[in-house]
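Novice:
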Amino acid sequence: KNQVEQSPQSLIILEGKNCTLQCNYTVSPFSNLRWYKQDTGRGPVSLTIMTFSENTKSNGRYTATLDADTKQSSLHITASQLSDSASYICVVKAGATNKLIFGTGTLLAVQP
Amino acid sequence: DAGVIQSPRHEVTEMGQEVTLRCKPISGHDYLFWYRQTMMRGLELLIYFNNNVPIDDSGMPEDRFSAKMPNASFSTLKIQPSEPRDSAVYFCASTPSGGARNEQFFGPGTRLTVL
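Chains as they are written, first to last, in this note's numbering: chain C, 20 to 131; chain B, -2 to 112.
The following block contains the structure:
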């Protein structure tokens, strides 16, 4: 069964600190992996998209990594800001379809 | 561009009533998706359309749910009759055709509460 699992479920960090969110997937065939940020009360917004051949992708203070062999991805947030408080969702696209398989997300709270 | 537009933003209804959620995709996008988000299950794909034609409705939970896309700029998701377990946030998303990397752009969602 195609699944995407994320850890931790929730995380609290102090402003200015770094953090890393994890994603493991069992999706076949793999097409690409995306990280979305979802602010409270809003729809998800894409941060990065990585295909099989890409193992690192950055978007400002966000850096995503992908290990297609171990089927793991991480999202590293550098020098966190209060505005980083949100849910971060790992999403895998399966094969040639347009179906996305979503993880349940990591809820990040950045405190002053 | 205004992005994906959904209405209403909030809907409170009583069990047994019909609910209609509306979506206007981004102009020029060929694909439209309906998702449901709950705390327990996260985001789940309900159905998606390509050029107004339903392609995969395997995520539609049961016959009480139906979706239509009469033209390229409008889609509806209808629940009849509604039940308390349908309470969730329903998102519409659209994407242009061509290429596996195409990003899905999400609307703001409709928060549905069925009493």
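For each residue, glycine too, the CB sits at the ideal point set by N, CA and C.
Since the model is a prediction, treat every value here as computed from it, not as a measurement.
1. What are the boundary residues of the beta strand (DSSP E) that D53/B is part of?
2. How is the beta strand (DSSP E) around L30/C delimited, first residue to last?
3. Please classify M66/B as buried or exposed, where buried requires at least 16 neighbouring CB atoms within 10 angstroms.
4. How long is the line joining the alpha carbons of S72/B and R61/B, rounded to whole angstroms?
5. How would you list, in chain order, the residues of chain B whose beta-carbon sits under 9 Å from the beta-carbon of T123/C?
6. Would you mind listing the alpha helix (DSSP H) stretches within the segment 89 to 128 of chain C that are 4+ residues and don't spill past its ends, in chain order?
7. Could you tell me whether the segment 59 to 69 of chain C touches the segment 20 to 27 of chain B, using the rule of 3 or more Cβ pairs below 8 Å?
8. Buried or exposed: M69/C, going by 16 or more other Cβ atoms within 10 Å of its Cβ?
9. Mind checking who R19/B pairs with in its DSSP beta bridge?
10. When the cut-off is 8 Å and only beta carbons count, does E11/B lie next to chain C?
11. For a cutoff of 8 Å on Cβ pairs, would you count N21/C as touching chain B?
12. Helix, strand or coil: how does DSSP classify P129/B here?
13. I think V23/C touches C109/C, with their Cβ atoms under 8 Å apart; what is that distance to the nearest whole Å?
14. Would you mind working out which of T10/B, R19/B, V111/B, R6/B sits nearest S70/B, comparing C-alpha positions?
15. Classify R53/C as buried or exposed, calling it buried when 16 or more other Cβ atoms lie within 10 Å of its own Cβ.
16. At a Cβ cut of 9 Å, what residues of the segment 52 to 65 of chain C count as close to chain B, listed as they run along the chain?
17. Looking at the structure shown, is M66/B part of a helix, part of a strand, or coil, going by DSSP?
18. Less than 8 Å separating the beta-carbons of T89/C and T75/C?
19. Quick one: residues in its chain with C-beta nearer than 7 Å to the C-beta of P27/C, no 5 flanking neighbours on either side, listed in chain order?
20. On the CB-based measure, 16 or more other CB atoms within 10 Å of its CB, does L101/C come out buried or exposed?
21. Considering only C-alpha positions, which residue in the set G0/B, G13/B, A(-1)/B, V9/B is nearest to S79/B?
22. Between the segment 51 to 61 of chain B and the segment 2 to 13 of chain B, are three or more C-beta pairs nearer than 8 Å?
Specialist: Let me lay it out:
1. Run containing D53/B: 50 to 53, per the beta strand (DSSP E) assignment.
2. First-last of the beta strand (DSSP E) with L30/C: 29 to 33.
3. Buried: at least 16 other Cβ atoms inside 10 Å.
4. Answer to the nearest angstrom: the Cα atoms are 17 Å apart.
5. Those are M36, M37, R38, G39, L40, listed as they occur along chain B.
6. The segment 89 to 128 of chain C is shown to contain no whole alpha helix (DSSP H) run of 4 or more residues.
7. Verdict: no, contact absent.
8. The C-beta of M69/C has 16 or more other C-beta atoms within 10 Å across all chains shown, which makes the residue buried.
9. Beta-bridge partners of R19/B (DSSP): S4/B, T73/B.
10. Taking CB atoms only, E11/B has no neighbour in chain C less than 8 Å away.
11. No - not a single Cβ of chain B is within 8 Å of the one on N21/C.
12. This structure cannot speak to residue 129/B, because chain B is shown only from -2 to 112.
13. Confirmed, Cβ separation roughly 6 Å.
14. The shortest Cα separation from S70/B among T10/B, R19/B, V111/B, R6/B belongs to R19/B.
15. R53/C comes out buried.
16. Identification of residues in the segment 52 to 65 of chain C having a C-beta nearer than 9 Å to some C-beta of chain B yields R53, Y55, Q57, G60, R61, G62, P63, V64, S65, given in sequence order.
17. In the structure shown, M66/B sits in a strand (DSSP, three-state: E or B).
18. Contact annotation: T89/C and T75/C have beta-carbon atoms that are not nearer than 8 Å.
19. Contacts found: T125.
20. It counts as exposed.
21. Answer by Cα proximity: G13/B.
22. Counting C-beta pairs with one atom in each stretch, the segment 51 to 61 of chain B and the segment 2 to 13 of chain B have fewer than three that are closer than 8 Å, which means they do not touch.
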